[in-house]
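A short write-up of the structure that comes next.
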Amino acid sequence: MCYNNDINVSSISRSGGLSLGWKGHCTFSLRSFSKNYIDIMIDADSHGNSWRFTGFYGALEVGNKRDSWNLLRSLHNTSIVPWCVAGEFIEILLSSEKQGGLVRNSTQMQNFRDALLDCHLEDWKIGIG
290 MCYNNDINVS
300 SISRSGGLSL
310 GWKGHCTFSL
320 RSFSKNYIDI
330 MIDADSHGNS
340 WRFTGFYGAL
350 EVGNKRDSWN
360 LLRSLHNTSI
370 VPWCVAGEFI
380 EILLSSEKQG
390 GLVRNSTQMQ
400 NFRDALLDCH
410 LEDWKIGIG
């Protein structure tokens, strides 16, 4: 895909970087970024509304997932405008979402659900491809 706007975060050692790209024109400001997220403010959409978008990449390691959820909570607490978060959280909300492999730890799923609730976020399944 060809995007006429993008923001890139370089990789750290062998881990991949992040990229946020979009078509069209909008006025935005980069709020902050790290190896796990890119956070921007859309200054005004076609209706004159400001809102916020965060591209998020959760921790792969089970031991670091709590840090991911705390980061999400911290990002939530920095603004009161409408907020959309999308990305790869590397977690599921319910065991019914998993197909095959080992049974998912119920505490891990509950911690993810709690983080979404704390941030007033809802899970929307969007097919890509």
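Numbering (my numbering) for the sequence shown: 290 to 418. The beta carbon of each residue, even a glycine, is placed where N, CA and C say it ideally should be.
Determine contact between the stretch 384 to 397 and the stretch 336 to 350, defined as no fewer than three beta-carbon pairs at a distance below 8 Å. no
Give every residue of the same chain whose Cβ lies closer than 7 Å to the Cβ of Arg362, excluding the five residues on either side of it in the sequence, and list them in chain order. Ala404, Asp407 and Cys408
Buried versus exposed call for Lys354 [16 or more other C-beta atoms within 10 Å across all chains shown]: Buried is the call here.
Where Gly418 falls: helix, strand or coil (DSSP): Confidence at Gly418 is low in this model, with a pLDDT of 49, below 50, so its placement is unreliable and the value that follows should be read with caution. Correct three-state label for Gly418: coil.
Enclosing alpha helix (DSSP H) for Arg402 [first to last residue]: Counting along the chain, the alpha helix (DSSP H) containing Arg402 begins and ends at Ser395 to Asp407.
What three-state label does DSSP hand Val392 in the structure shown? coil
Per DSSP, which residues does Gly310 bridge with? Please list them. Gly310 is bridged to Asp295.
Would you please state the rounded distance, in angstroms, between the beta carbons of Ile331 and Ser339? I believe it to be under 8 Å. 6 Å
Could you say which of Ser385, Leu309, Asp295 and Asn294 lies nearest to Glu377 if we only look at CA atoms? Leu309
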